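K.L.:
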Amino acid sequence: MDRSSRNRLNHRHLHLFDGETLFDRIARAVCRAGCLPRKELYEAWEVARRVRRRFRGGRVVDLACGHGLLAQILLLLDKRSPEALAVDLRIPDSAASLAKALQVDWPWLEERLCFVEQSIEGITLSADDLVVSAHACGSLTDLVLDKAMSAGARVAVLPCCHDLNTADTGGLEGWMDGPLAVDATRVARLRAGGYRVYTQTIPAEITPKNRLLLAEPA
Ligand SMILES: C[S@@+](CC[C@H](N)C(=O)[O-])C[C@H]1O[C@@H](n2cnc3c(N)ncnc32)[C@H](O)[C@@H]1O
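Per the numbering used here, the sequence shown runs over residues 4 to 221.
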């Protein structure tokens, strides 16, 4: 199966996920909702499990959330998180269908998940939050990091769409490719801000933009 496919999962794909693992159950809900590209299911899953290996509990704040699947998987993986805020400038209409499909199996998600349609700039964070953002394009990832750092919150981002004309490459582009220089400079900025950083990747076959940056106050 091509895990990077942008085709939407729907009822015809249910047979691909006929096991009883948590992933299979989530994937079946995604198929029933019929609105999510296959790639986004795998990205959200691979990010969420790596984040939860490091960071437990806390309010989940999924910034530039799109359909908000990452926020919901993070809740499913750790019931100690009391709630999740899923924030996007424009929440897709189908986010509600996806949330409803997941609530068939996990009705308690309804109480714990809140979608907010507004810009990241206006969101107030606290030090207990777990801030996540998958593919916040270009400088939006820097805004996510800035917001998390000013609150002293844990943060995990999967950057994409690096804009080498505007992003800080830290002068590193003579040694490494531009997007890597941008992400390495983000690491340096977090460390200078008193953060401990963990660098990982999700499988490149799902997305070439696969660098996962996790950080927590040291
Ligand atoms: C590439 S999508 C990623 C969506 C989702 N996180 C995912 O991984 O599928 C980027 C998202 O950022 C949102 N966005 C762009 N600018 C934003 C802003 N200032 N505040 C909140 N969301 C924003 C867009 O509406 C879009 O849904």
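In this text, a Cβ means the ideal position worked out from N, Cα and C, and glycines have one as well. Just so you know, these numbers come straight off a predicted model, no measurement behind them.
(1) Can you give the Cα-Cα distance for alanine 137 and arginine 214, rounded to whole angstroms?
(2) Return yes when the Cβ of alanine 99 is within less than 7 Å of the Cβ of alanine 87, no when it is not.
(3) Hey, would you say alanine 67 sits closer than 7 Å to alanine 139, going by beta carbons?
(4) Looking only at C-alpha atoms, which of Gly69, Arg56 and Glu113 sits nearest to leucine 217?
(5) For the putative contact between valine 134 and valine 107, defined by C-beta atoms under 8 Å, what is the C-beta separation to the nearest angstrom?
(6) Run the proximity test for arginine 93: is its beta-carbon closer than 6 Å to any non-hydrogen atom belonging to ligand 3?
(7) Measure the CB-CB distance between asparagine 10 and arginine 41 and report whether it falls below 7 Å.
(8) Kindly identify the DSSP beta-bridge partner or partners of valine 200.
(9) On the premise that tyrosine 198 lies in contact with alanine 3, defined as a C-beta separation below 8 Å, what is that separation, rounded to the nearest angstrom?
(10) Would you kindly work out how many angstroms separate the C-alpha atoms of glutamate 124 and lysine 150, rounded to a whole number?
(11) Compute the Euclidean distance between the alpha carbons of lysine 103 and glycine 174, then round it to the nearest angstrom.
(12) Quick check: does the Cβ of alanine 137 come within less than 6 Å of any heavy atom belonging to ligand 1?
(13) Give the range of the beta strand (DSSP E) segment to which arginine 6 is assigned.
(14) List the DSSP bridge partners of proline 40.
(15) Isoleucine 209: beta carbon under 6 Å from a heavy atom of ligand 1?
(16) Quick check on cysteine 34: does DSSP put it in helix, strand or coil?
(17) Cβ of serine 122 versus every heavy atom of ligand 1: is any distance shorter than 6 Å?
(18) Between which two residues does the alpha helix (DSSP H) harbouring leucine 88 extend?
(19) Does the contact criterion of 3 or more C-beta pairs under 8 Å hold for the segment 12 to 20 versus the segment 76 to 86?
(20) I'd like to confirm the pairing. Which residues does DSSP put opposite arginine 157 in its beta bridges?
P.N.:
If we stick to the structure as given:
(1) Stepping through the sequence shown from its first residue, residue 137 is reached at position 134. Stepping through the sequence shown from its first residue, residue 214 is reached at position 211. Cα to Cα, alanine 137 sits roughly 10 Å from arginine 214.
(2) On the sequence shown, residue 87 is found 84 positions in, with the first residue counted as 1. On the sequence shown, residue 99 is found 96 positions in, with the first residue counted as 1. No. Outside cutoff.
(3) The residue you call residue 67 lines up with position 64 of the sequence shown. The residue you call residue 139 lines up with position 136 of the sequence shown. Yes, they are a contact pair.
(4) Translated into the one-based positions of the sequence shown, residue 217 becomes position 214. Among Gly69, Arg56 and Glu113, the Cα nearest to that of leucine 217 belongs to Arg56.
(5) Counted from its first residue, the sequence shown places residue 134 at position 131. Counted from its first residue, the sequence shown places residue 107 at position 104. Not quite, the Cβ-Cβ distance comes to about 28 Å (not below 8 Å), so this is no contact.
(6) For ligand 3, the structure offers nothing, since it holds only ligand 1.
(7) Position 7 of the sequence shown, counted from the first residue, corresponds to residue 10. Position 38 of the sequence shown, counted from the first residue, corresponds to residue 41. Taking 7 Å as the Cβ cut-off, asparagine 10 and arginine 41 qualify as a contacting pair.
(8) Taking the first residue of the sequence shown as position 1, residue 200 is located at position 197. In the DSSP output, where bridge partners are listed per residue, valine 200 has Ala218.
(9) The structure shown does not extend to residue 3, since the chain is modelled only from 4 through 221, so no value can be given for it.
(10) Within the sequence shown, numbered from 1, the residue matching residue 124 stands at position 121. Within the sequence shown, numbered from 1, the residue matching residue 150 stands at position 147. Between glutamate 124 and lysine 150, the C-alpha separation is close to 8 Å.
(11) Taking the sequence shown and counting its residues from 1, the one referred to as residue 103 is at position 100. Taking the sequence shown and counting its residues from 1, the one referred to as residue 174 is at position 171. Taking the straight line joining both Cα atoms gives about 47 Å.
(12) As a first step, residue 137 is located in the sequence shown; it is residue number 134 there, counting from the start. Alanine 137: yes, Cβ under 6 Å from ligand 1.
(13) If you number the sequence shown from 1, residue 6 lands on position 3. Arginine 6 -> no beta strand (DSSP E), and no H or E assigned at all.
(14) Working through the sequence shown from its first residue, we reach residue 40 at position 37. Arg11.
(15) By 1-based counting over the sequence shown, the position of residue 209 is 206. False, no ligand heavy atom lies under 6 Å from that Cβ.
(16) On the sequence shown, residue 34 is found 31 positions in, with the first residue counted as 1. Helix, per DSSP.
(17) If you number the sequence shown from 1, residue 122 lands on position 119. True, at least one ligand heavy atom lies under 6 Å from that Cβ.
(18) One-based indexing of the sequence shown puts residue 88 at position 85. Element bounds for leucine 88: not the alpha helix (DSSP H) but the beta strand (DSSP E), 87 to 91.
(19) no
(20) Walking along the sequence shown from the start, residue 157 turns up at place 154. Paired residue(s): Leu133.
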